[in-house]
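Engineer:
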Amino acid sequence: MSSTTAPIERPRISACIIAFNEAGRIGDCLASLAFCDEIVVVDSYSTDATVAIAEAAGARVLQRAFEGFRSQKAFCVEQASHDWVLCLDADERISPELRTAIEQARDGGFSGHAGFRFARLSEYFGKFLRHGNAYPDRVMRLFDRRQGGWRGKREIHEAASVDGSVGTLRGDLIHYPYRSLQQQLAKTEKYARMMAEHEFARGKRATLGKLVLAPAWRFWRGFLFRGGFRDGWHGLVYAYVRANYVRQKTIMLWMLGNGQAVADPVAPAERS
139 MSSTTAPIER
149 PRISACIIAF
159 NEAGRIGDCL
169 ASLAFCDEIV
179 VVDSYSTDAT
189 VAIAEAAGAR
199 VLQRAFEGFR
209 SQKAFCVEQA
219 SHDWVLCLDA
229 DERISPELRT
239 AIEQARDGGF
249 SGHAGFRFAR
259 LSEYFGKFLR
269 HGNAYPDRVM
279 RLFDRRQGGW
289 RGKREIHEAA
299 SVDGSVGTLR
309 GDLIHYPYRS
319 LQQQLAKTEK
329 YARMMAEHEF
339 ARGKRATLGK
349 LVLAPAWRFW
359 RGFLFRGGFR
369 DGWHGLVYAY
379 VRANYVRQKT
389 IMLWMLGNGQ
399 AVADPVAPAE
409 RS
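Going by this note's numbering, the first residue of the sequence shown is number 139, and it counts up by one from there.
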């Protein structure tokens, strides 16, 4: 009497994206997710064509006031129709090689793992950075929400986690993080303030040693020890800006620890 092995049921994937005023970038992001069974976009009331572009691409669009990156992503995952979710930002795209790897893992039922990580490859003013602190920058964005998600309380530099095994997939998540140097500098200053305030609230304080040494260490670790110099002037500028982020965050944490505000007071009209 012969026995046959039942075929593995192919899990369905919901792609989850959060967005705000991403009309110039979200189209390519959505196109790279065409292999998913569903695309959910949570929009923070964009004032450009983001919502129209997403709906035209077949995405299910929900609007929600922005309360933080982690909170927004967790909400998006909750709205998905399927338990396996693939989470992207609007400035990211799935490369063909990564798509193939995801499809192969899906066809195998994602056997043995609760989530998957893969490398993120960032474009930086005309060049993809393949060295230093910028790469491989592995992130876990494909996971079974029944076993994890966007947990914790930190809203900045958020990361998903699961309670099971995490596999690694071939291919890169392509990242287009900055529209201009001015936008990058403004973004890193905002993130530095948010991170300093988060760390201060948790009881962390800056030391004089960290204030002096941490920015320099971030630069030399990325540019020299991790080979950022191999990316030429792009790698040099990237290393300087990332070191500046550490400098700003540490200064702000130092100021908070000395009872000083690091942001302008919010006017009464802005609070309402």
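Idealized CB from N, CA, C, for every residue including glycine.
#1: Ala228 to Cys167, Cα distance in whole Å?
#2: I'd like the ranges of any alpha helix (DSSP H) spanning at least 4 consecutive residues and lying wholly in the segment 173 to 231.
#3: Residues in the same chain with beta-carbon distance under 7 Å from Val400, minus the five sequence neighbours each way, listed in chain order, please.
#4: Return helix, strand or coil for Phe361, following the three-state DSSP convention.
#5: Using 8 Å as the threshold, is the segment 209 to 219 in touch with the segment 253 to 271, meaning 3 or more CB pairs across them?
#6: Determine the contact status of Gly370 and Ala377, defining contact as a CB-CB distance below 8 Å.
#7: Using the Cα positions of Ala197 and Ile164, report the straight-line distance between them to the nearest angstrom.
#8: Going by beta-carbon coordinates alone, are Trp288 and Phe248 separated by less than 8 Å?
#9: Out of Cys214, Gly302, Gly246, state which residue places its alpha-carbon closest to the alpha-carbon of Glu147.
#10: Give every residue of the same chain whose Cβ lies closer than 7 Å to the Cβ of Ala239, excluding the five residues on either side of it in the sequence, and list them in chain order.
#11: Going by C-alpha distance, which of Gln386, Lys325, Ala324, Ile312 is nearest Ala344?
#12: So Ala153 and Leu226 are in contact, right, with Cβ under 8 Å, and what is the actual spacing, rounded?
#13: Would you report the Cα separation of Ser140 and Cys174, rounded to the nearest angstrom?
#14: Can you tell me whether DSSP reads Glu261 as helix, strand or coil?
#15: In terms of residues, what are the limits of the alpha helix (DSSP H) holding Val384?
#16: Can you give me the C-alpha to C-alpha distance between Ile156 and Val199, rounded to a whole angstrom?
#17: Using only CA atoms, which one of Gly302, Phe204, Ser233 lies nearest to His251?
#18: From Arg234 to Arg150, what does the alpha carbon distance come to, in whole angstroms?
#19: Within the same chain, show all residues whose beta-carbon is closer than 6 Å to that of Pro353, passing over the 5 residues directly before and after it, in chain order.
#20: Distance check for Gly270 and Leu362, CA to CA, integer angstroms please.
#21: Tell me whether Arg368 is buried or exposed, calling it buried when 16 or more other Cβ atoms sit within 10 Å of its Cβ.
Structural biologist: Quick look at the numbers:
#1: The alpha-carbon atoms of Ala228 and Cys167 are separated by roughly 6 Å.
#2: As far as the segment 173 to 231 is concerned, its whole alpha helix (DSSP H) runs of at least 4 residues are 188 to 194, 207 to 217.
#3: If you ignore the 5 residues before and after Val400, its C-beta comes within less than 7 Å of the C-beta of Arg331, Ala334, Met390, Met393, Leu394, all in its own chain and listed in chain order.
#4: Helix.
#5: Taking 8 Å as the limit for Cβ pairs, the verdict is that the segment 253 to 271 does not touch the segment 209 to 219.
#6: The answer is no: Cβ separation not under 8 Å.
#7: One C-alpha to the other measures close to 11 Å.
#8: No.
#9: Nearest of Cys214, Gly302, Gly246 to Glu147, Cα basis: Gly246.
#10: When the five nearest sequence neighbours on each side are left out, the beta carbons in the same chain lying within less than 7 Å of the beta carbon of Ala239 are those of Leu307, Arg308, Gly309, in order along the chain.
#11: Here the closest residue by C-alpha is Gln386.
#12: Indeed, because the Cβ distance is near 7 Å, the residues count as touching under 8 Å.
#13: Any answer about Ser140 is weak, because its pLDDT of 47 lies below 50 and its placement is not dependable; what the coordinates show is given next. Distance between the alpha carbons of Ser140 and Cys174: 36 Å.
#14: Glu261 falls in the strand class under three-state DSSP.
#15: Where Val384 is concerned, the enclosing alpha helix (DSSP H) stretches over 370 to 395.
#16: The alpha-carbon separation between Ile156 and Val199 amounts to approximately 10 Å.
#17: With distances taken between Cα atoms, His251 lies closest to Gly302.
#18: Reading off the sequence shown, one finds Pro at residue 234, where the question assumed Arg. So the two alpha carbons sit approximately 19 Å from each other.
#19: Taken in chain order, the residues that qualify are Ala381, Val384, Arg385.
#20: Counting only the Cα atoms, Gly270 lies some 8 Å from Leu362.
#21: Exposed, because fewer than 16 other Cβ atoms sit within 10 Å of the Cβ of Arg368.
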